[in-house]
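Novice: Below is a structure I'd like to ask you about.
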Amino acid sequence: MTLRLDASALAEAAALIRAGGLVAFGTETVYGLGGDATNGRAVAGIFAAKGRPRFNPLICHFASAAAAFAHVEANAMAQRLAAAFWPGPLTLVLQRRRDTPVSLLAGAGLDTLAVRVPGHPVARELLLEAGVPVAAPSANRSGAVSPTTAAHVLADLDGRIDAVLDTGPAGIGLESTVLDLSGAAPALLRPGGVPVETIEALIGRVRSGGPVDAKRSPGMLASHYAPALKLRLNAASVRGNEALLAFGAALPGAAIAWNLSETADLAEAASRLFAGLRWLDAEGSRSGLDCIAAMAVPEFGLGVAINDRLQRAAAPRG
Ligand code: TXA
Ligand code: MG
193 MTLRLDASAL AEAAALIRAG GLVAFGTETV YGLGGDATNG RAVAGIFAAK GRPRFNPLIC
253 HFASAAAAFA HVEANAMAQR LAAAFWPGPL TLVLQRRRDT PVSLLAGAGL DTLAVRVPGH
313 PVARELLLEA GVPVAAPSAN RSGAVSPTTA AHVLADLDGR IDAVLDTGPA GIGLESTVLD
373 LSGAAPALLR PGGVPVETIE ALIGRVRSGG PVDAKRSPGM LASHYAPALK LRLNAASVRG
433 NEALLAFGAA LPGAAIAWNL SETADLAEAA SRLFAGLRWL DAEGSRSGLD CIAAMAVPEF
493 GLGVAINDRL QRAAAPRG
């Protein structure tokens, strides 16, 4: 069921969540699949609807930093980051409080919990009305491309969820930056909507790019965001079997092409990435192509997160 956005839709979505239902909703990053994080059955339903492995923990969403910090041990650095970037596309991994009612399944049994206050005003209104911590992974089947519209959500999850609250296309189009503050030093677990340089300007050097510690970041699977077509990175030409994912001035010779940003604008490119992968997949398959040639995207600002997603989309499938 698609809930078109109005006051009654918001109330209905919040009531569904309180009753243990599964409601997809738009945020500023991507659409999330929300359920009451304190309700073990709802959380189990999220894993089942996505086909998500149970070792991969979920982010809990809150309407305010105060609400979030009631469930985790917020150290001084977390307070500073929250003041600077919440509401917004930053997720903080912190020690979970012993007395939190958040289900252990939501956190995949870890002693940490990922928390975030989304920037989308409707999402925050929904969280406020729901009045419970809302576990919400991206609203796609596990391993697939994240959804940036309600139509993308339904393409993956129709029939498996109770409703999607249509809040229009997601503005940023890439998931939140995930920063682990539970260890001795801050560690970047996933580049995302807040560029790591912006975080470092506030708190100094952030560890990233090292070998991924599977226990610390169980969700960072090498293959993810996988379109049906293969993906070839840093393409300098287009071959006969390929559709083109362009950035800036497009390479010649592609029968099927999606330009992330003709003006090479990284924010525009981020917002068009997942829709582009889905579109190229559909159009390319229809035309008998078997690969997407992706032009290089610069490795700074939002480009870091774009390249992270492209690398995972290109990784050998497990
Ligand atoms: O922008 C976003 O973050 C979106 C919207 C809906 O909020 N959500 C999202 O959730 O991308 P998901 O489940 O697709 O990705 C969450 C990532 C996963 O890589 C997961 O492993 C990691 O965060 N994560 C969650 N809890 C964690 C924890 N306690 N420790 C380490 N990593 C955690
Ligand atoms: Mg996801």
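Numbering (my numbering), first residue to last: 193 to 510. Backbone N, C-alpha and C define an ideal beta-carbon position, used for all residues, glycine too. Remember, predicted model here, so these are calculated numbers, not experimental data.
1. When the Cα of residue 301 is compared with those of 366, 245 and 267, which residue comes out closest?
2. For the region 250 to 264 against the region 351 to 358, do three or more pairs of beta-carbon atoms, one drawn from each stretch, fall closer than 8 Å, so that the two count as touching?
3. Name the DSSP bridge partner or partners of residue 503?
4. May I have the straight-line CA-CA distance separating residue 298 from residue 308, to the nearest angstrom?
5. Let me confirm a value: residue 219 is counted as buried when at least 16 other C-beta atoms fall within 10 Å, else exposed. Which label applies?
6. Do the CB positions of residue 384 and residue 373 come within less than 8 Å of each other?
7. How far does the beta strand (DSSP E) with residue 439 in it extend, from its first residue to its last?
8. Return the chain-ordered ranges of every beta strand (DSSP E) run that is complete within the region 309 to 359 and spans a minimum of 3 residues.
9. Quick one: residues in its chain with C-beta nearer than 7 Å to the C-beta of residue 233, no 5 flanking neighbours on either side, listed in chain order?
10. Is residue 217 helix, strand or coil by DSSP?
11. In or out: residue 390 buried (at least 16 other Cβ within 10 Å) or exposed?
12. In or out: residue 193 buried (at least 16 other Cβ within 10 Å) or exposed?
13. Could you work out which residue in 225, 208, 484 and 503 is closest to residue 491 when comparing CA atoms only?
14. Any contact of the region 272 to 284 with the region 335 to 348, i.e. 3+ C-beta pairs under 8 Å?
15. Grouping DSSP H, G and I as helix and E and B as strand, with all else coil, what is residue 509?
16. From 495, 198, 228 and 505, pick the residue whose C-alpha is nearest to that of residue 294; which is it?
17. Flag residue 265 as yes when its Cβ comes closer than 7 Å to any non-hydrogen atom of the ligand MG, and as no otherwise.
18. Bridge partners of residue 226, per DSSP?
19. Take residue 499 as the anchor and find which of 425, 508 and 468 has the nearest alpha-carbon.
20. Locate the alpha helix (DSSP H) running through residue 210, then write down its first and last residues.
21. Would you call residue 313 buried or exposed, if buried means 16 or more other Cβ atoms sit within 10 Å of its Cβ?
22. Give me the DSSP bridge partner(s) of residue 450.
23. Cutting at 7 Å between CB atoms, please list the residues of its own chain near residue 266, excluding the five before and the five after it.
24. Hey, how far is the Cα of residue 473 from the Cα of residue 396?
25. Assign residue 370 to one of three DSSP states: helix, strand, or coil.
26. In the structure shown, what three-state DSSP assignment does residue 274 receive?
Specialist: Looking at the coordinates:
1. 245
2. no
3. None, per the DSSP bridge assignment.
4. 14 Å
5. buried
6. no
7. Here residue 439 belongs to no beta strand (DSSP E), and DSSP marks it neither H nor E.
8. 355 to 358
9. 212
10. strand
11. exposed
12. exposed
13. 503
14. no
15. coil
16. 228
17. no
18. 215
19. 425
20. 199 to 210
21. exposed
22. 437
23. 286
24. 40 Å
25. strand
26. helix
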